[in-house]
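Residue numbers (full-length UniProt numbering): 1 to 443. Here is the structure we will look at, set down as structure tokens.
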Amino acid sequence: MAFARTTLGSKTIHYFVVLFVFGALYYLYQFTELFGSGSSSYSPEELNTLLQNKESHIVALKKTELTQQGLSRPFLDESQFHVKNWDLKGNTMVRNNDFIRLTSNAPHLALNMFSKMPIEADSFEMELTFHIHNDEVKHGLVGDGLAVWFLDKPSEVGEIFGIRNKFTGLGIMMDTYKNGKRGSFPFINLMLGDGKTFYNKGTDGYETRLAGCYAKEILNPLSKETKMRLIYMKNGYLSIDFNYFGRHEDWQNCVTLTDVKLPHIKYLGLSANTGQLYENVDIIENKIYALYKPNGEFVESIDELNELIKEQNEYESESSSLAEINAKVEEAKKQDNQQQQQRQGQGGRKNRAFKKKLSSQRRRTLSRLKNAEKRIKERERQVRLQKYGDPDATFIKRVFGYILKSIKFGIYASIAVFLLWLIRVIVKTQRQNRKLKISGLLD
């Protein structure tokens, strides 16, 4: 019986060992995925600047302005005296050369405006300029905020920041009044609606929150305006930055997500409402651009952006080398012209021969340069592969690689010590059982 119990106990311990090993391996896999295989070392703000094509020396994208979802001063169409390409619902104030005021310092207002046409782009970037303010605010009590929408269809005026509840699409709600008990305000709250899910205004949408961030400076900014930058790509990348202080390119990331799917047909909307508390919500400008690769296809992912950066680096390297060759060619031509002036009688045949030889030399040099560049890059990849175990290892990846190796070594060492201890316990138990069995036979 003692031996049977020991055997049963050993099997149980073995099961725990197997579970422990698998758990450790899973942890290592997750850690590697999180830190060892990142597609870029750029911050979200830097990535978004690249995607706005503001760093064309690093990567050049094609941008096409989507004017039907844009807003710029003067806002009104001179022939019809309506805001061009937009439907406004509610008592909206339009100052043609200044702003579109969705809500003013008055209670119980609800207004919205939606583009007449859907966004015809799978990947796009948008920069919205607005101003939320109330000069008479006391103790920070204002309400209720501004919302940006990407919905499957325009909404009628409703109780959720000026649209109806149970919407389909993405809502970005800049909530300036705290109804619930959680968090600090103003707060940027994202919700992805499916047409059935109810937004709970009493809890500030906490139950359905996709992501969000605290945005204290969004109310009464010193610069008299706030900018919101939104980047969306076809594969689900969504990133939102804010510029609170009016400084050039001074962006602060709010959220960056990688699996957000907007409706295939999506209308852009802006809305606001007030309750017992109120504030002015002014729309100043909106610029939106479709994002394309140089071949005319939409940019679909961050990985594609990295490939474009690599391709542009290679192209610029080749162009620089070719420019050097051309400079040498021009210098050689000058020297040859000088020699021709001294030997005019023999210059014609030699010049043709020189040009032919120079052209051939340029082709050979360029070909050799390209081949040498390929060999250098391949050699560098092999060195990184042999040294770091990764042909594309960057400094950050190497640092995380060292950390990962240290953690792996610690885990493996712990497993080894645990297994040795376990073997020692099993051997010791089996010896004690044999002694007990022998003493039982003698008795």
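No residue lacks a Cβ here, since even glycine has one placed at the ideal position from N, Cα and C.
>> Short of 6 Å in beta carbon distance, which residues of its chain neighbour Glu-156, apart from the five on each side in sequence? Order them along the chain.
In response: Arg-164
>> Taking the straight line between their C-alpha atoms, what separation do you get for Glu-125 and Leu-291?
In response: 7 Å
>> Can you look up Gly-202 in the DSSP assignment and give me helix, strand or coil?
In response: helix
> In this structure, does DSSP put Leu-192 in helix, strand or coil?
Replying inline: strand
>> Can you find the residues in the same chain that come closer than 6 Å, C-beta to C-beta, to Leu-230, ignoring five residues on each side of it along the sequence?
In response: Met-126, Ile-240
>> Taking the beta carbon of Ile-403 as the centre, do at least 16 other beta carbons fall within 10 Å, making it buried, or is it exposed?
In response: exposed
> In the DSSP assignment, what residue or residues form a beta bridge with Asp-282?
Replying inline: Arg-101, His-131
> Nearest CA to the CA of Asn-112: which residue from Phe-130, Phe-161, Thr-64?
Replying inline: Phe-161
>> Less than 8 Å between the C-beta atoms of Gln-68 and Asn-96, yes or no?
In response: no
>> Considering only DSSP beta bridges, list what Tyr-214 is partnered with.
In response: Phe-187
> Hey, quick one: how far does the alpha helix (DSSP H) through Gly-48 stretch, first residue to last?
Replying inline: Correcting the residue identity first, residue 48 is Asn in this sequence and not Gly. Its alpha helix (DSSP H) spans residues 44–51.
> Are three or more beta carbon pairs between the segment 241–249 and the segment 199–218 nearer than 8 Å?
Replying inline: yes
> Using DSSP with H/G/I as helix, E/B as strand and the rest coil, what is Glu-249?
Replying inline: coil
>> Out of Asp-122, Lys-334, Ile-284, Leu-420, which one is the CA nearest neighbour of Tyr-267?
In response: Asp-122
> Based on the DSSP secondary-structure assignment, which residues constitute the bridge partners of Val-83?
Replying inline: Leu-76
> When DSSP labels each residue in this structure, what does residue 511 get in the three-state scheme?
Replying inline: A query on residue 511 cannot be resolved here, the shown segment of the chain reaching from 1 to 443 and no further.
>> Ile-283 and Leu-71 - do their beta-carbons sit closer together than 8 Å?
In response: yes
> Are there 16 or more other CB atoms within 10 angstroms of the CB of Pro-154, so buried, or fewer, so exposed?
Replying inline: buried
>> Tell me the rounded alpha-carbon separation between Val-255 and Val-427.
In response: 56 Å
> Got a sec? Which residues, its chain only, sit under 8 Å from Arg-431 by beta carbon, not counting five neighbours each side?
Replying inline: none
> So the beta strand (DSSP E) Phe-150 belongs to, where does it begin and stop?
Replying inline: 145–151
>> Please state whether the Cβ-Cβ distance between Gly-236 and His-108 is less than 8 Å.
In response: no
>> Measuring straight from C-alpha to C-alpha, what distance separates Ile-411 and Leu-419?
In response: 12 Å
> When the distance is taken between beta carbons, is Lys-234 closer than 8 Å to Gly-195?
Replying inline: no
> Leaving out the 5 sequence neighbours to the left and right, which residues in its chain are closer than 6 Å to Lys-89 when beta-carbon positions are compared?
Replying inline: Asn-112, Val-157
>> Give me the residue from Pro-263, Met-173, Asp-250, Lys-201 with the minimum Cα distance to Asn-179.
In response: Lys-201
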